[in-house]
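Let me begin by presenting the structure, written as structure tokens, before commenting on it.
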Amino acid sequence: MGETTFTHDDLRAAVAAGALDEDQAARVLTFAQERAGTRAALAADDEPFELFRGFSEIFISVGLGLLFGGMLPLALLMDRPGLILIVFAVIIFLAARYFTLKRRMSLPSIVLVTVYSSCVFGAAADLTGQFDTSLTGSTFWGFILCGITAAALLLWYRVYRLPFTMFLLGLTGIAFVAIATKSLVPVTLGAQFTDLFDLRSGYNLALGTLIFGIVAFIAGMWFDMSDPHRLGRRAASAFWLHLLAAPALVNTVAMTFYNMQSALGYTLLTLSLLVIAFLALIIDRRSFLTAGIGYMAVLLSLVIQTADGSTMWMWILLILGLFVTYLGTFWTRIRGKILRALPDFPGKTKLPPYMDAT
């Protein structure tokens, strides 16, 4: 009888099918690694990401998009669109039992939860009389609408454990920040983009996005540390949270330093990007470094200039491309060297495993 070998993908499939939970899968993996040696058992890529599994999911998602594209405008034409949207939200919630729980389809589930949250928000806005003003009207009602939408998304996550739900919940948090900082009023909307995210400009949006980024990062790390081997939905949920936290943190800090337009500002920008790269390697999340690529290009443009002050963008792209390609190729090895060099600190053992010395 031939020998059967189980991989990380097999364990993830077992978790997705409900045969194992994340804790059980992690214990099985730890036991296997102790027998085979941690270095030999490490996966080549420790940051799994799955948007769809086949073209059938794309095909069904297109069908759902067309279906909802017809349903939602019809609801808005009714006398009481809020009630119709509530009915749609309930139907979508029940439909997810088939597509998410039974068929375990990723992309159709993403389409369903996105339309579901839109229906909940639209229904709440209509029934509270805020449909025309929504987030740009009363601050109080804006908070109420965000709260109702967030509660509906938390219910969805509680029932279906769909990781993408965390991304939509994060967007609700961003809307909450925009309302709290009055960033949707005409005066703020007319401001320069570079000023909105500058902590020195006086706009509260910069501070709000910084706080949001910190909260999203902490939430993402909580999910990550509860599933360090990245076998289940917790790590996938962390992925979507980090996808929001990274630009919120990087953009606010980097834009503030860049707008200083001085040697000190550019130096601080460089140091902040190095810290972000270091953090990305430690927590094994490439999204943080990806968010800073644009600012790396800006820094290179300040260094690589011709005599007449123009920038050689071909060289910028070449250098940046070499750096990103090298880092992506040897990410696991570089991360292992950094973590081995660092002393023990709280939470280090709950981070994704890293390579032993070779």
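Just so you know, we're using our numbering here: the sequence shown kicks off at 190 and counts up by one. No residue lacks a Cβ here, since even glycine has one placed at the ideal position from N, Cα and C. Quantities reported herein were computed from a predicted structural model and do not represent experimental measurements.
Among the options, which has the Cα closest to the Cα of residue i?
i, options, result
"F365", "F401, D384, D387, S390", "F401"
"G483", "K371, I249, L468, T459", "T459"
"V464", "A435, A203, S451", "A435"
"D315", "A203, F356, L272, S295", "L272"
"L240", "Q319, I299, H418", "I299"
"V204", "L420, L283, A340, Y305", "L420"
"E246", "A264, V279, T289, D268", "T289"
"P297", "F248, F512, A264", "F248"
"A408", "Y392, W429, G397, T398", "W429"
"M501", "F512, L489, F238", "L489"
"T445", "A424, D384, R293, A425", "D384"
"F238", "A424, F244, G525, K526", "A424"
Given this structure, state the Cα-to-Cα distance separating residue i from residue j, to the nearest angstrom.
i, j, result
"Y543", "G331", "44 Å"
"S327", "L342", "23 Å"
"I523", "V348", "39 Å"
"I281", "L334", "20 Å"
"L255", "W504", "44 Å"
"L457", "L516", "22 Å"
"R422", "V251", "25 Å"
"K539", "D413", "8 Å"
"Q319", "F310", "10 Å"
"T398", "T370", "10 Å"
"L344", "A480", "30 Å"
"G391", "L358", "27 Å"
"P270", "A427", "35 Å"
"V302", "Q450", "43 Å"
"P541", "Y287", "33 Å"
"A233", "Y455", "Low confidence applies to A233: its pLDDT is 48, below 50, so where it sits in the model is not reliable, and the reading given next is rough at best. Cα to Cα, A233 sits roughly 36 Å from Y455."
"L432", "L263", "34 Å"
"R475", "T521", "11 Å"
"H418", "L531", "20 Å"
"L507", "G536", "37 Å"
"L470", "T514", "15 Å"
"F512", "R350", "37 Å"
"F534", "L528", "10 Å"
"M260", "A285", "17 Å"
"R201", "N393", "42 Å"
"K291", "G207", "11 Å"
"L283", "L253", "14 Å"
I think residue i touches residue j, with their Cβ atoms under 8 Å apart; what is that distance to the nearest whole Å?
i, j, result
"V439", "F477", "7 Å"
"F406", "A395", "The Cβ separation is near 17 Å, so there is no contact."
"A312", "I368", "Wrong, their Cβ atoms sit about 19 Å apart, outside the cutoff."
"M410", "I472", "7 Å"
"M485", "L509", "6 Å"
"F277", "C308", "5 Å"
"L388", "T441", "7 Å"
"V404", "Y447", "At roughly 24 Å, the Cβ-Cβ gap does not stay under 8 Å, so V404 and Y447 are not in contact."
"S306", "R242", "Wrong, their Cβ atoms sit about 23 Å apart, outside the cutoff."
"A437", "S461", "With a Cβ gap of about 14 Å, A437 and S461 do not count as contacting."
"V304", "F257", "5 Å"
(request) Output the residue ranges of the alpha helix (DSSP H) runs that lie fully inside the segment 380-456 and measure 4 residues or longer, sorted by chain position. (result) 382-385, 393-415, 422-447
(message) For a minimum of 4 consecutive residues, which ranges assigned as the alpha helix (DSSP H) are wholly contained in the segment 455-496?
(response) 476-480, 482-492
(message) Report the start-end ranges of each alpha helix (DSSP H) in the segment 286-368 that is 4 residues or longer and not cut off at the edges.
(response) 295-316, 328-349
(request) Mind listing, in chain order, the continuous alpha helix (DSSP H) runs of no fewer than 4 residues lying wholly within the segment 238-267? (result) 244-266
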